[in-house]
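Below is one structure, written out as structure tokens; the observations come after it.
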Amino acid sequence: MSQKKSTAKKSGIIMLSIVILLYIILCFYAPQKIFASLHANLKLLKMIAPILLIVFFLMALLNSFIDEKSIAKHLGKESGVKGWFIALLGGILSHGPGYIWYPMLEELRKKGALDGLIVAFLYARSIKLPWLPLMISYFGITFTLVLSFYVVLGAFLQGIIINTYPKR
Amino acid sequence: MTPEIIQKIKTAGINTLKNLWIITPIFLAVIGLVGLFETFITPQMIHTLFNKNVIHDTLIGTTAGAISVGQPFLSYIIGGELLQEGISMYAITAFILSFVTLGVIQLPLEFSIFGARFTIVRNLLSIIFTILIAWTTTVTLHYLHGFFT
């Protein structure tokens with residue numbers, strides 16, 4: 001196991017221990033709320049499990065059939081407009097909490113995807129297609145359209161800014 | 169399918185599982201924190217943070233969105249209630265945007281996967297753009313409203 005991976009696992013175990021300790025301490029003060037939190041955790045796990053499976057499948061696919069060359073072609077320096085299109089559309093269409101996509105995105109980075117495209121993907125995720133009707137009912141169609149337009153523009157501009165500064 | 173391809177898929181699957189196994193503890197920690205925040209930070213607490221000053225409320229909207237967790241529709245419901253209470257559109261837009269794009273409790277996971285530099289730059293840009301988009305959206309709506317009436 002590389003040093004980076006080992007550090008990541010160690011810090012993860014420390015953080016998980018802190019969270020478990022927090023639950024134990026808070027259980028004495030507000031047991032009902034802690035049960036509600038545990039219930040919320042289960043609900044969240046249930047919701048993200050299918051998406052995690054998709055992410056796992058995509059990562060395995062990425063590792064076995066897609067090499068650095070094709071990543072560079074579609075999401076790397078030579079990707080051009082196609083790369084932006086994939087990143088922005090992928091962000092808009094992706095489901096679930098952002099953090100479940102992190103491992104796959106890091107895999108893409110390692111294989112040569114531009115940081116700017118990853119940033120654009122993550123920001124474009126604020127357009128939630130399934131929830132747009134609810135947003136329209138609360139704030140109107142003009143607000144929803146204007147906000148969505150600026151989110152896509154903002155995601156693109158952030159990507160450009162990130163790409164301007166090369167990786168160290 | 170040739171044995172070579174099957175072997176390739178098997179190796180890739182094992183490697184992917186190993187990578188996921190490494191992030192499992194921090195992933196579970198984040199889920200645990202999400203559960204705590206959902207229960208202990210109530211929408212009523214968020215309401216009390218706003219004071220109808222546009223600049224203050226925009227910054228509070230961005231911060232409150234970044235520390236809040238839950239499904240995106242929750243931000244619309246809270247935002248809708250804030251709008252009825254007379255809170256500015258700048259603040260509500262900032263809150264809705266940062267609710268999805270920023271996440272204080274998932275920062276450790278982001279750090280451990282992407283590294284410090286990427287995480288810091290991405291989050292700083294997200295904060296700046298959330299405020300910028302909140303302003304441009306509200307100003308554009310104001311002009312569009314003036315244009316069509």
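Chains as they are written, first to last, in my numbering: chain A, 1 to 168; chain B, 169 to 317.
Note that the Cβ used here is the ideal one computed from N, Cα and C, for glycine as well.
Return helix, strand or coil for residue i, following the three-state DSSP convention.
{"i": "A:A107", "result": "Here residue 107 of chain A is Glu; the residue named in the question, Ala, does not match the sequence. It is helical."}
{"i": "B:H224", "result": "helix"}
{"i": "A:K77", "result": "coil"}
{"i": "A:N163", "result": "helix"}
{"i": "A:L134", "result": "helix"}
{"i": "B:N219", "result": "coil"}
{"i": "B:V237", "result": "coil"}
{"i": "B:Q274", "result": "coil"}
{"i": "A:A40", "result": "helix"}
{"i": "A:P31", "result": "helix"}
{"i": "A:S94", "result": "coil"}
{"i": "B:A180", "result": "helix"}
{"i": "B:A170", "result": "Before going on, a small fix: residue 170 of chain B reads as Thr here, not Ala. Correct three-state label for B:T170: coil."}
{"i": "A:G12", "result": "helix"}
{"i": "A:D115", "result": "helix"}
Would residue i pass as a contact of residue j if the rule is Cβ separation under 8 Å?
{"i": "A:N163", "j": "B:G200", "result": "no"}
{"i": "A:I136", "j": "A:H95", "result": "no"}
{"i": "A:F56", "j": "B:L188", "result": "yes"}
{"i": "B:I273", "j": "A:S11", "result": "no"}
{"i": "B:L293", "j": "A:I25", "result": "no"}
{"i": "B:A302", "j": "A:A60", "result": "no"}
Name, please, each residue of chain D whose Cβ falls closer than 9 Å to the Cβ of residue i.
{"i": "B:V272", "result": "You won't find chain D in this structure, because its protein chains are A and B."}
For the structure I just gave you, are there three or more beta carbon pairs, one from the segment 99-107 of chain A and one from the segment 145-154 of chain A, closer than 8 Å? no
For the pair the segment 258-266 of chain B and the segment 220-230 of chain B, tell me if three or more CB-CB distances fall below 8 Å. yes
Continuous alpha helix (DSSP H) assignments of at least 4 residues falling wholly in the segment 240-315 of chain B: 240-252, 257-269, 275-282
Inter-stretch contact (C-beta, 8 Å, three-pair minimum) for the segment 245-255 of chain B and the segment 138-147 of chain A: yes
Count Cβ pairs between the segment 112-119 of chain A and the segment 65-78 of chain A that sit closer than 8 Å; are there 3 or more? yes
For the structure I just gave you, are there three or more beta carbon pairs, one from the segment 201-210 of chain B and one from the segment 22-36 of chain A, closer than 8 Å? By the Cβ test, the segment 201-210 of chain B is in contact with the segment 22-36 of chain A, since at least three Cβ pairs between them sit closer than 8 Å.
Using 8 Å as the Cβ pair cut-off and three pairs as the minimum, do the segment 175-189 of chain B and the segment 14-24 of chain A touch? no
Does the structure place the segment 275-284 of chain B close enough to the segment 171-185 of chain B that three or more beta carbon pairs sit under 8 Å? Judged by Cβ distances under 8 Å, the segment 171-185 of chain B makes no contact with the segment 275-284 of chain B, as fewer than three pairs qualify.
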